[in-house]
Amino acid sequence: MRAAALASEFGTPLVVYCRNTVLARARAYARVDPDALVVYGTKAFPNVALLRLLAAEGLGADVSTLGELEFARRAGVAGERLVFHGNNKSDTELRSAAAAGALVVLDALEEVERARAAGVRSVLVRLTPGIEAETHRAIRTAHAESKFGLPPDDAIAAVANARAAGLDVAGLHVHIGSQLSRADESVVAVERMVDVARRCPGWEPRVFNIGGGLGVRHTLDERVPEVEEFAGELVQHVRARWPQPVRLILEPGRSLIGQAGLTLYELGAVKGTTAAVDGGMSDNPRPQLYGARYEALLANRADEAATATYRIAGKHCESGDVLIESVQLPAPLRGDLLAVPATGGYTLSMASNYNGVPRPAAVLVADGRAELIRRRETVDDLLRFDPDQG
Ligand code: LLP
Numbered sequence: 009m010r011a012a013a014l015a016s017e018f019g020t021p022l023v024v025y026c027r028n029t030v031l032a033r034a035r036a037y038a039r040v041d042p043d044a045l046v047v048y049g050t051k052a053f054p055n056v057a058l059l060r061l062l063a064a065e066g067l068g069a070d071v072s073t074l075g076e077l078e079f080a081r082r083a084g085v086a087g088e089r090l091v092f093h094g095n096n097k098s099d100t101e102l103r104s105a106a107a108a109g110a111l112v113v114l115d116a117l118e119e120v121e122r123a124r125a126a127g128v129r130s131v132l133v134r135l136t137p138g139i140e141a142e143t144h145r146a147i148r149t150a151h152a153e154s155k156f157g158l159p160p161d162d163a164i165a166a167v168a169n170a171r172a173a174g175l176d177v178a179g180l181h182v183h184i185g186s187q188l189s190r191a192d193e194s195v196v197a198v199e200r201m202v203d204v205a206r207r208c209p210g211w212e213p214r215v216f217n218i219g220g221g222l223g224v225r226h227t228l229d230e231r232v233p234e235v236e237e238f239a240g241e242l243v244q245h246v247r248a249r250w251p252q253p254v255r256l257i258l259e260p261g262r263s264l265i266g267q268a269g270l271t272l273y274e275l276g277a278v279k280g281t282t283a284a285v286d287g288g289m290s291d292n293p294r295p296q297l298y299g300a301r302y303e304a305l306l307a308n309r310a311d312e313a314a315t316a317t318y319r320i321a322g323k324h325c326e327s328g329d330v331l332i333e334s335v336q337l338p339a340p341l342r343g344d345l346l347a348v349p350a351t352g353g354y355t356l357s358m359a360s361n362y363n364g365v366p367r368p369a370a371v372l373v374a375d376g377r378a379e380l381i382r383r384r385e386t387v388d389d390l391l392r393f394d395p396d397q398g
């Protein structure tokens, strides 16, 4: 579909997902190990239509709050395909995870007793192997002092305590970080997980959950491995180090939907080499949070050659609201459509209403048709939270 048609039908900013790209990614994961359970990292974008699309391909969901759990349940994801995470789960969350039949990932020693009391039956224990993944520090999760999971000795104690409490300890979990561009650190992590499993007396895992983390390519100078390459290497290593039968769980978020989504903005004010879009840090805070870089093109003039380097600013009331520091474009004009590729993951899910800006809509495009999968917010939606305005 043409960007101009999408913009005029659904407005801008608009997040446009390609259904076939999502499906291709899901199938790539399924090919890596047809017996594995692949659970979508719902936090990348909690959305019923996307969860349903993935569920129809046999994927489950990794959820970490009541909200994400409810999105997955509304999409019809079965309990045995739900993995419930969180470094600070409330008792209500533990009870809801238990009622949904989810596999709960224990993240702390004190959680063993609380999980039992909440009626949880099956658990994994999250290992923190002490690896500083090469990615932005805010999205590393397995370094020493991480708030997530348990270092090896504590993980071994958690397995023993959980078994003593009558919980079914199905296996172990590890996830070292997000937007990863190399597999070797993750290989070390899964090897450490296997070592920990060996050190648990009188217990053998049925499940190894090897997490998510594979990045997507946002800019032309970035390189990330293919799904088959990255996940394939991890799976091979686990199988080589642990020849006994064991089921694998994979938890990709961004690598399922990131590349499949682009954001369409309309350009407004152009001052010298700075052009402003009709959104910015409220629909994509990743440049501010992680120094994220993106490419862009003028979707309505995609066949024109770039003539200069431009900075893309947002419409918010602060100078740091810059979406792209530097991008080559033909001279942009008010009314042009700017497409920012590879923005399908962790954009809308982290969007805010800063400056009273309603959050964008999202559509899923396939076979020349676009389906609205998230409606655009309105100013009335925002006012509804003020008690005397609702
Ligand atoms: N499993 C666990 C336990 C996780 O914590 C995460 C992501 C995933 C799986 C999925 O990771 P992925 O395959 O999407 O990398 N807001 C950040 C990303 C935070 C990731 C949080 N955990 C960003 O915009 O880069």
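Counting along the sequence shown from 1, when you hit position 161 you're at 169 in our numbering, and nothing is skipped either side. Ideal Cβ positions, reconstructed from N, Cα and C, are used throughout, including at glycine. Treat the numbers as computed from the prediction; the structure is a model and nothing was measured.
Collapsed DSSP secondary structure at residue i in the structure displayed
i: Asp162; result: helix
i: Lys51; result: helix
i: Ile184; result: coil
i: Phe79; result: helix
i: Asn96; result: coil
i: Leu117; result: coil
i: Glu274; result: strand
i: Ser334; result: strand
i: Arg148; result: strand
i: Ala123; result: helix
i: Asn169; result: helix
i: Ala110; result: coil
i: Gly269; result: strand
i: Leu264; result: helix
i: Ala178; result: strand
Assigned exposure category for residue i - 16 Cβ within 10 Å defines buried
i: Asn96; result: exposed
i: Glu76; result: buried
i: Leu228; result: exposed
i: Gly398; result: exposed
i: Ser98; result: exposed
i: Arg33; result: buried
i: Leu341; result: exposed
i: Gln439; result: The displayed coordinates of the chain run from 9 to 398. Any statement about residue 439 would go beyond what the structure contains.
i: Ala36; result: buried
i: Glu101; result: buried
i: Glu118; result: exposed
i: Leu279; result: Before going on, a small fix: residue 279 reads as Lys here, not Leu. Looking at its Cβ environment, which holds fewer than 16 other Cβ atoms inside 10 Å, Lys279 is exposed.
i: Leu45; result: buried
i: Asn7; result: There is no way to answer for residue 7, as the model of the chain reaches only from 9 to 398.
i: Ser327; result: exposed
i: Val387; result: exposed
i: Ser186; result: buried
i: Glu17; result: exposed
i: Thr281; result: exposed
Continuous alpha helix (DSSP H) stretch holding residue i: start and end
i: Arg39; result: 27-40
i: Ser130; result: Element bounds for Ser130: not the alpha helix (DSSP H) but the beta strand (DSSP E), 130-134.
i: Glu17; result: 11-18
i: Gln244; result: 235-249
i: Ala313; result: Where Ala313 is concerned, there is no enclosing alpha helix (DSSP H), given that its DSSP letter is neither H nor E.
i: Asp203; result: 192-206
i: Ala57; result: 56-64
i: Val387; result: 387-391
i: Gln296; result: 294-298
Sequence-distant residues of its chain with Cβ nearer than 7 Å to residue i (five each side left out)
i: Ala15; result: Leu22, Leu272, Glu274, Leu345
i: Gln244; result: none
i: Ser194; result: Ile184, Leu188, Gly221, Leu242
i: Pro338; result: Leu306, Arg309, Glu312, Ala313, Ala314, Thr315
i: Ala83; result: Val56, Leu59, Arg60, Ala63
i: Asp329; result: Gly288, Met289, Ala321, Gly322
i: Val4; result: Residue 4 lies beyond the range of the chain shown here (9 to 398); nothing can be said about it.
Limits of the beta strand (DSSP E) - the one that residue i falls within
i: Tyr318; result: 316-321
i: Glu379; result: 377-382
i: Arg255; result: 255-258
i: Leu346; result: 345-348
i: Leu372; result: 369-374
i: Phe216; result: 215-217
i: Val85; result: Segment: none, Val85 is in no beta strand (DSSP E) and carries neither H nor E.
i: Val224; result: Careful: Val224 lies outside any beta strand (DSSP E) and carries neither H nor E.
i: Val71; result: 68-71
i: Thr282; result: 282-285
Cutoff 8 Å: residue i Cβ touching any chain D Cβ
i: Glu101; result: In the displayed structure, chain D is absent; only one protein chain is listed.
Spatial neighbours of residue i in its chain, beta-carbon cut-off 6 Å, leaving aside the 5 residues before and after
i: Ala152; result: Gly138
i: Arg89; result: Gly68
i: Val113; result: His93, Leu132, Arg134, His181
i: Leu62; result: Ala34, Tyr48
i: Asp41; result: Val243, Leu256
i: Gly219; result: Val182, His183, Glu259
Nonlocal neighbours in the same chain, by C-beta distance under 8 Å from residue i, ignoring five residues either side
i: Ser290; result: Gly322, His324, Ala359, Ser360, Asn361, Tyr362, Asn363, Val365, Arg367
i: Val202; result: Phe216, Val246, Arg249, Trp250
i: Lys155; result: Asn95
i: Arg171; result: Val177, Trp211
Cβ-heavy atom distance, residue i to the ligand HEM, below 7 Å
i: Ala52; result: Judged by which ligands are present, the ligand HEM is missing from the structure shown, whose ligands are the ligand LLP.
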